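Residue numbering for the sequence shown follows UniProt numbering, starting at 1 and increasing by one per position. Every residue, glycine too, gets a C-beta built ideally from N, C-alpha and C. Keep in mind that this is a model prediction, so the values were computed, not measured. What follows is a set of notes on a single structure, which appears directly below.
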Amino acid sequence: MARRNYQVERNKLEEKDPTWLMQKGQIQPLVSSLVVLNVEGERILARYTAKELFPTFDVEKKFEADLLKKSQTIPDLEENTGVFEHGQHIVVCRASEDLLFFVTSRIYENEVILSEVLTCWVDSLVKVLKNLPLNELNLLQHYEVLLLLVDELVDQEGVIMETDANELSSRTEFAMYSTDPRDLIPELTEQGFSHALQTAKQHLARTILK
1 MARRNYQVER NKLEEKDPTW LMQKGQIQPL VSSLVVLNVE GERILARYTA
51 KELFPTFDVE KKFEADLLKK SQTIPDLEEN TGVFEHGQHI VVCRASEDLL
101 FFVTSRIYEN EVILSEVLTC WVDSLVKVLK NLPLNELNLL QHYEVLLLLV
151 DELVDQEGVI METDANELSS RTEFAMYSTD PRDLIPELTE QGFSHALQTA
201 KQHLARTILK
């Protein structure tokens with residue numbers, strides 16, 4: 001992938017829209033979205049911080065479908081981080097069993113830092129889940145861990161708060177013991193909650209039929 005002149009592109013964007021950065025001169029990229037899909041493309045979790053890029057649920061779902069389609073063309077995602085451009089976005093992604101993890105930002109941002117965010121996210125999940133297989137069933141059974149990790153990783157404006165997996169997992173484990181689970185309920189979108197409930201029912205049915 002050809003290297004872009006980030007500063008020139010930032011300057012052009014700032015001329016068009018002076019509010020696109022939280023503060024002038026910021027060099028750390030802002031994350032536009034954190035997305036977890038299963039291999040069928042169903043949403044497990046999504047946090048969209050750039051509302052101007054994702055103004056409606058339909059736009060989000062179209063974007064997620066595009067992410068799934070593109071990720072299917074990238075080999076060895078369980079071993080390596082995939083990087084690709086899609087429209088106005090730079091995307092990094094990784095796979096784990098039946099899950100796909102995506103971190104996205106605006107097209108002019110630095111994919112190296114985004115890759116660090118993605119690696120921190122996935123590695124922290126493994127640590128907090130005590131090396132349980134990182135798959136859809138385990139993630140749904142420990143959904144509060146996923147929510148807390150996202151809260152500690154990136155804030156609501158897309159500012160990156162942590163890229164060290166040890167620090168992130170420690171902060172998340174502390175938050176698990178100091179956060180009322182009911183406070184996490186607003187993070188569950190109707191679509192995400194419905195899918196989590198349906199998946200849990202399917203797994204239960206398969207277990208009974210065995």
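Out of M161, L45, L148, T104, the CA that lies nearest to the CA of M176 is found in L148. Minimum Cα-Cα distance from L129 among the listed residues W121, H142, L118 corresponds to H142. Within the UniProt domain "AP complex mu/sigma subunit" (33–171), the complete beta strand (DSSP E) segments at least 3 residues long are 43–48, 82–86, 89–96, 99–106, listed from N- to C-terminus. Of all alpha-carbon atoms in G82, E162, V92, the one lying nearest the alpha-carbon of C120 is that of E162.
About 5 Å separates the beta carbon of A165 from that of S124, a gap short enough to meet the 8 Å contact definition. With fewer than three CB-CB distances shorter than 8 Å, the region 49–57 does not count as touching the region 76–83.
Taking every protein chain shown into account, the CB of F54 has 16 or more other CB atoms within 10 angstroms, so this residue is buried. Under the criterion of beta carbons closer than 8 Å, S33 and T104 qualify as touching, at roughly 5 Å. Residues of the same chain with a CB within less than 8 Å of the CB of L146, apart from the 5 flanking positions on each side, are V36, I44, L45, L125, L139 in chain order. Only residues of its own chain outside the window of five on either side were considered, and among them A46, Y48, F54 have a CB closer than 7 Å to the CB of E60, listed in chain order. Here the C-alpha atom of E64 lies approximately 10 Å from the C-alpha atom of S71. Contact annotation, L114 with P29: C-beta distance approximately 6 Å; criterion of less than 8 Å satisfied. The alpha-carbon of G82 is positioned some 8 Å away from that of V91.
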